[in-house]
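These protein sequences, in sequence, are chains A and B.
Counting from 1, one number per residue, gives the positions in the first sequence under this note's numbering.
Counting from 1, one number per residue, gives the positions in the second sequence under this note's numbering.
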Amino acid sequence: MKLRELEISAKTVDEATKVALAQLGVSREEVEIEVIKKGKSGMLGMGAEDAKIKVTLLDDERQPGQLDDAAEMARKVLSDILKAMGIAADIDVTPSPDDNTPVTLNIEGDDLGVLIGRRGQALASLQYLVRLIVAEKSKKWISINVDVDWYKKRHYDTLKKLAERLAEQVAHRKRTITMEPMQPDERRIVHITLANHPDVMTQSTGEGDGRRVVIQMRNR
Amino acid sequence: MMKELVEYISKSIVSAPNDVKVTEETDSGGVVIKLEVNAEDKGRVIGKQGRVAEAMRTLLRVVATKEGTRVRLEIV
């Protein structure tokens, strides 16, 4: 989390301003400065008082702007890929339903099951290539979320409910449960969902496509 | 279709897009896509542990399924 507000004391207002800008790593135009105490130089070191200022970062419009640029770039890349695949669909750019990714590109259209594929494999490949191409163009890795008719969102919601239900069983019967093999993003949902559960904890075991989440009693 | 897809993805991720050559042939086993890139870019189109090539193959299979055929991607 970036610092947005800062109070600084120094001999003079100018000096305090310099220190504050250096600490925030921004220029004078990007902050608002409020003088709390002007400071006095005093006489022979007597009665001197430091100046105190409050510095507030102005709304940083660059970052959402950058995100919009990235989202627009990603939308164009996805649209080009779909065109090259001969798939007609609309792409909706929206804020993601969860906090894990900043932007979701949701593909909408008829008969898009092929774009999801077995266990979501086609969709995972599509998302990976979109991220890769956007990263190549923008020189930054942005975790764009690609979905097809909110397939992933619905799937994740189901997974969360399943995880909670299994956790209750583990807690109730004091018995370890091993889930079916899942993809990394799916395992992540289970781990996150149960991270703060009072009675159970989760971990993954197995290799590659056989990796599974184990839900067990929390060690005391 | 399949040729354009491989061309678009490859050209977007290599450092020498002008050296990207993609050909599409059909044999008894279905469609064969041959992708040729600058030697320096070979690692990029294959990716770590073959991840990029694998993702391209997955999308190619989607197109092939729609067209009722099979497809192979060869990186030469």
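By construction, the Cβ of each residue, glycine as well, lies at the ideal position given by its N, Cα and C atoms.
What you are looking at is a predicted structure, and each value in this text was computed from that prediction instead of being measured.
Leu112(A) is positioned such that its CB atom lies no closer than 9 Å to that of Ile81(A). The C-beta of Ser204(A) comes no closer than 9 Å to any C-beta of chain B. Taking C-alpha positions only, Glu168(A) is separated from Ala195(A) by approximately 14 Å. Where Pro97(A) is concerned, there is no enclosing beta strand (DSSP E), because DSSP gives it neither an H nor an E.
Interface residue (Cβ-Cβ distance to chain B less than 9 Å): Ile81(A) is classified as such. Annotation: Lys3(B) to Ile33(B) spans about 7 Å, alpha carbon to alpha carbon.
Against chain B, the CB of Tyr128(A) has a partner CB under 9 Å away; the residue lies at that interface. In the three-state DSSP reduction, Ala48(A) falls in the coil class, being neither helix nor strand. Pairing Gln121(A) with Thr69(B) gives a Cβ-Cβ distance that is not under 9 Å. For Val214(A), the enclosing beta strand (DSSP E) starts and ends at 212-217. Within the stretch 1-44 of chain A, the alpha helix (DSSP H) runs of at least 4 residues that lie entirely inside it are, in chain order, 13-24. Among the residues of chain B, those whose CB is under 8 Å from the CB of Ile133(A) are Ile9, Ser12, Ile13, following chain order. Here Ser125(A) is buried. Its C-beta has 16 or more other C-beta atoms within 10 Å. Taking a beta-carbon distance threshold of 9 Å, Leu5(B) counts as an interface residue toward chain A. When C-alpha distances from Ala10(A) are compared across Thr94(A), Arg28(A), Lys54(A), the shortest belongs to Lys54(A).
Sixteen is the threshold: since fewer than 16 other Cβ atoms of the shown chains lie within 10 Å of the Cβ of Lys38(A), the residue is exposed. For the stretch 136-148 of chain A, the set of residues with a beta-carbon nearer than 9 Å to any beta-carbon of chain B comprises Glu136, Lys137, in chain order. Closer than 8 Å at the C-beta level to chain B, one finds these residues of the stretch 94-119 of chain A: Val114, Leu115, Gly117. If you ignore the 5 residues before and after Leu21(A), its C-beta comes within less than 8 Å of the C-beta of Ser27, Arg28, Val31, Val55, all in its own chain and listed in chain order.
Counting C-beta atoms within 10 angstroms of its own C-beta, Met56(B) has 16 or more neighbours from the protein chains shown and is therefore classed as buried. Taking a beta-carbon distance threshold of 9 Å, Gln121(A) counts as an interface residue toward chain B. Around the beta carbon of Asp110(A), a 10 Å sphere encloses fewer than 16 other beta carbons of the protein chains shown; the residue is thus reported as exposed. For Ile107(A), the closest of Gln23(A), Lys153(A), Gln216(A), Trp141(A) by C-alpha to C-alpha distance is Lys153(A). DSSP assignment within the stretch 104-175 of chain A yields the following whole beta strand (DSSP E) runs of 3 residues or more, N-terminal first: 145-148. Cβ contact annotation for Ile9(B) (same chain, cutoff 7 Å, sequence separation greater than five): Met56, in chain order. When Cβ pairs closer than 8 Å are counted between the two stretches, the stretch 171-187 of chain A is seen to touch the stretch 207-214 of chain A, the count reaching three or more.
Counting C-beta pairs closer than 8 Å gives fewer than three between the stretch 195-205 of chain A and the stretch 13-26 of chain B, which falls short of the contact rule. Note on geometry: alpha-carbon atoms of Pro95(A) and Arg75(A) lie some 13 Å from one another.
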